[in-house]
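Report on the following structure.
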Amino acid sequence: MRQTIVAGNWKMNASKEEVSTLVMGILSGMSEVESKVIVCSPFPYLSQVEALTTHSQLHLGAQTVSIHPSGAHTGEVSVDMIKDFGADYVIVGHSERRSMYGETDQDVANKVKTVVDSGLTALFCIGETLEEREAGETEAVVARQIQVVIDTCGIDAFRNIIIAYEPIWAIGTGVTASPQQAQDTHASIRALLATNDENIAQSTPILYGGSMNPSNAAELIACEDIDGGLIGGASLKAEDFLQICKAG
140 MRQTIVAGNW KMNASKEEVS TLVMGILSGM SEVESKVIVC SPFPYLSQVE ALTTHSQLHL
200 GAQTVSIHPS GAHTGEVSVD MIKDFGADYV IVGHSERRSM YGETDQDVAN KVKTVVDSGL
260 TALFCIGETL EEREAGETEA VVARQIQVVI DTCGIDAFRN IIIAYEPIWA IGTGVTASPQ
320 QAQDTHASIR ALLATNDENI AQSTPILYGG SMNPSNAAEL IACEDIDGGL IGGASLKAED
380 FLQICKAG
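Using the working numbering, count along the sequence shown one by one with no gaps and you end on 387.
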C-alpha cells in the first residue's frame, strides 16, 4: 500500500514573516493529517523552515539543484548544501525549469542522478504541453522523459524517486485534468515502469501536479494510481494546503 504524499512547491514566493506564518499554520493542523507532507522552500528560507519543523511531521525539500558538487558555479546550490539544511527531497525537472531555463530531458536526468546518488529523494516532474495533449502525444512525451532517467540512473533509482505528473496546460491556469484523464496517464506511467520492474512500478509514488486544490483533491487522490499531489498556489495558504493533506 503506497502512502499518500502531498508536497507543497512554494516556487519564488514568501518572506521571512510569511514563511513563519505559513509553517506554523500548517503545523497547527498536522495532528489530523495521515499523509506524508513535504514543503519545498526557496533556498533562502531552508534554514528558517528547518528550525520551525524540527521534530514535526513536516518534511523539507528544495526546488532544484546543481549537478556540480562545488566550485566556480555562481548562483548555483549543491546537493550537499541542501542536505546541510536538513532537506530530504528535491524537486527536479519542474516544467518551469524546463521551459524557462532550458533544462533538457538529459539535464533533468543528470539532476535526478545527483539527488539519488546523494541519498536524497527526487521529486521528478514530467508532463506534456497542451499542443502535445491535443496531438495525442501525452503517453509518448511522459514515456520519453521517464526513459531518459531510466537510461541514466537505472530502474533501481526509482526506489528513491517520487514521480510528479504535471500536465503543463493545467499548471497555474485553474484548469485541472479530469480524474479520469489524470488516472489514465498515471496508469500509463506505472505500466512503463512495470516493463522494467513490476515491484518498483507498484511501489513508486506518482503524484498529480496540475492545479490540485481543496475542492478536487479528494476525487483525484481516490484514483487507483494517484498517490497524492504536488501543490503550487494552494500550498501558500495553510488552510487550503491542510485540506488537501487531509484528503489523503
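Glycine included, C-beta positions come from ideal geometry on N, C-alpha and C.
Count the other C-beta atoms from every protein chain shown that fall within 10 angstroms of the C-beta of residue i, then say buried if there are 16 or more, exposed otherwise.
i, result
"A279", "exposed"
"S374", "buried"
"Y240", "exposed"
"E270", "exposed"
"S342", "exposed"
"H233", "buried"
"E305", "buried"
"A330", "exposed"
"T253", "buried"
Please identify the residue among the options whose C-alpha is closest to the C-alpha of residue i.
i, options, result
"E276", "Q196, V172, F182, T324", "T324"
"V251", "T203, T213, V216", "T203"
"V281", "L269, E271, I265", "I265"
"I339", "I302, S217, G168, A361", "I302"
"K155", "V216, E171, E189, D336", "E189"
Taking the straight line between their C-alpha atoms, what separation do you get for residue i and residue j?
i, j, result
"R236", "L191", "28 Å"
"L262", "A296", "12 Å"
"I221", "L259", "10 Å"
"V178", "E273", "33 Å"
"E358", "G210", "47 Å"
"A377", "T160", "9 Å"
"Q319", "I328", "14 Å"
"Q286", "I206", "19 Å"
"M151", "G313", "19 Å"
"G225", "Q187", "11 Å"
"D364", "H212", "39 Å"
"D246", "D256", "15 Å"
"I165", "V158", "11 Å"
In chain order, what residues of the same chain have a beta carbon less than 6 Å from the beta carbon of residue i, not counting five sequence neighbours either side?
i, result
"V176", "V145, L197, C384"
"S174", "T143, V145, C384, G387"
"G168", "L381"
"C362", "P318, Q322"
Indicate whether at least one CB of chain C lies closer than 7 Å to the CB of residue i.
i, result
"N338", "Protein chain content of the structure displayed is limited to a single chain, and chain C is not contained in it."
Based on the DSSP secondary-structure assignment, which residues constitute the bridge partners of residue i?
i, result
"T160", "DSSP output for T160 lists no bridge partner at all."
"A201", "V229"
"T260", "Y228"
"V176", "V145, L197"
"L369", "A146"
Quick one: what's got a C-beta closer than 7 Å to residue i's C-beta in the same chain, skipping five residues either side?
i, result
"G372", "G311"
"D83", "Residue 83 cannot be examined here, being either before or after the span of the chain that is shown, 140 to 387."
"R283", "D244"
"T268", "I307, W308"
"R298", "I339"
Within its chain, find whatever has a CB closer than 8 Å to the CB of residue i; leave out the 5 residues flanking it on each side and keep chain order.
i, result
"A309", "T315, A316, G349, S350"
"G200", "A146, I177, V178, C179, S180, A226, D227, Y228, V229, I230, L262"
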